[in-house]
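Participant: Structure below; questions to follow.
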Amino acid sequence: MRPGVDLIEIERLERALERRPRLAERLFSEGELIYANARGRPARHLAARLAAKEAAVKALGGGLPLRDVEVVASEQGPRLRLERIAAQRAAELKLELSVSLTHSRELAAAVVVAAPSESPAAPQGRLG
1070 MRPGVDLIEI
1080 ERLERALERR
1090 PRLAERLFSE
1100 GELIYANARG
1110 RPARHLAARL
1120 AAKEAAVKAL
1130 GGGLPLRDVE
1140 VVASEQGPRL
1150 RLERIAAQRA
1160 AELKLELSVS
1170 LTHSRELAAA
1180 VVVAAPSESP
1190 AAPQGRLG
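Adding 1069 to a residue's 1-based position in the sequence shown gives its number in the working numbering.
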């Protein structure tokens, strides 16, 4: 089992996005931006998603583009969708990823656990 944990200061991300509006496009998928912008205080939701991306990269051994990890909302809670290099790494390591997100007024955090895959065809990890 390989854990990844990350903590983000929401206000710090909010300021960074205000200073550099294109940063959001570099860090987040269209779906993540739509999800966050449909809620009050979008930076809170984006910070949780950024924490999840960072935690997933850590659980997979580092050195991966954040855009290769997407947090997807589902009825069962947030899930991870891996693409390109991240999906390839998870498949090579035969790992499935699970994610948990939380946030308060000031902080957003995520924990990702990468565990051995139960199925041979899980290149995107077990999405969730």
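Each residue gets a CB set at the ideal place from its N, CA and C atoms; glycine is no exception.
By the three-class DSSP mapping on this structure, what secondary structure does residue 1111 have?
Facilitator: Here residue 1111 sits in helix by DSSP.
Participant: Do residue 1120 and residue 1166 come within 8 Å of each other at the CB atom, strictly closer than that value?
Facilitator: No, Cβ-Cβ distance for residue 1166 and residue 1120 is not below 8 Å.
Participant: Quick one, are the C-beta atoms of residue 1158 and residue 1130 less than 8 Å apart?
Facilitator: Yes.
Participant: Please report the straight-line C-alpha distance between residue 1075 and residue 1096, rounded to a whole angstrom.
Facilitator: Those two C-alpha atoms are separated by around 15 Å.
Participant: Does the pairing of the segment 1162 to 1179 with the segment 1143 to 1151 give three or more beta-carbon distances under 8 Å?
Facilitator: Taking 8 Å as the limit for Cβ pairs, the verdict is that the segment 1143 to 1151 does touch the segment 1162 to 1179.
Participant: Relative to the C-alpha of residue 1084, which candidate in 1113, 1155, 1107 and 1072 has its C-alpha closest?
Facilitator: Checked all of 1113, 1155, 1107 and 1072; the closest Cα to residue 1084 is 1113.
Participant: Near residue 1191, which residues of its chain fall below 6 Å by C-beta distance, leaving aside the five closest residues on each side in sequence?
Facilitator: Unreliable positioning characterises residue 1191 in this predicted model, as indicated by a pLDDT of 48, which lies under 50. The coordinate reading is nonetheless provided below. Closer than 6 Å at Cβ, skipping near neighbours: 1165.
Participant: Just reading off the alpha helix (DSSP H) that residue 1156 is part of, what are its end residues?
Facilitator: Counting along the chain, the alpha helix (DSSP H) containing residue 1156 begins and ends at 1153 to 1162.
Participant: Residue 1131 by DSSP, collapsed to three states: which one?
Facilitator: In the structure shown, residue 1131 sits in coil (DSSP, three-state: anything other than H, G, I, E or B).
Participant: Is the CB-CB distance between residue 1101 and residue 1140 below 8 Å?
Facilitator: Against a cut-off of 8 Å, the Cβ pair of residue 1140 and residue 1101 comes out as a contact.
Participant: What does the Cβ neighbour count give for residue 1194, buried or exposed, with the cut at 16 atoms within 10 Å?
Facilitator: Any reading at residue 1194 needs caution, since the residue's pLDDT is 44, under 50, leaving its predicted position unreliable; the model's value is listed next. That one is buried.
Participant: Please classify residue 1073 as buried or exposed, where buried requires at least 16 other C-beta atoms within 10 Å of its C-beta.
Facilitator: Counting Cβ neighbours within 10 Å, residue 1073 comes out buried, since at least 16 surround it.
Participant: What is the C-beta distance between residue 1181 and residue 1124, in whole angstroms, given that I count them as a contact (C-beta under 8 Å)?
Facilitator: That pair is a contact at about 4 Å.
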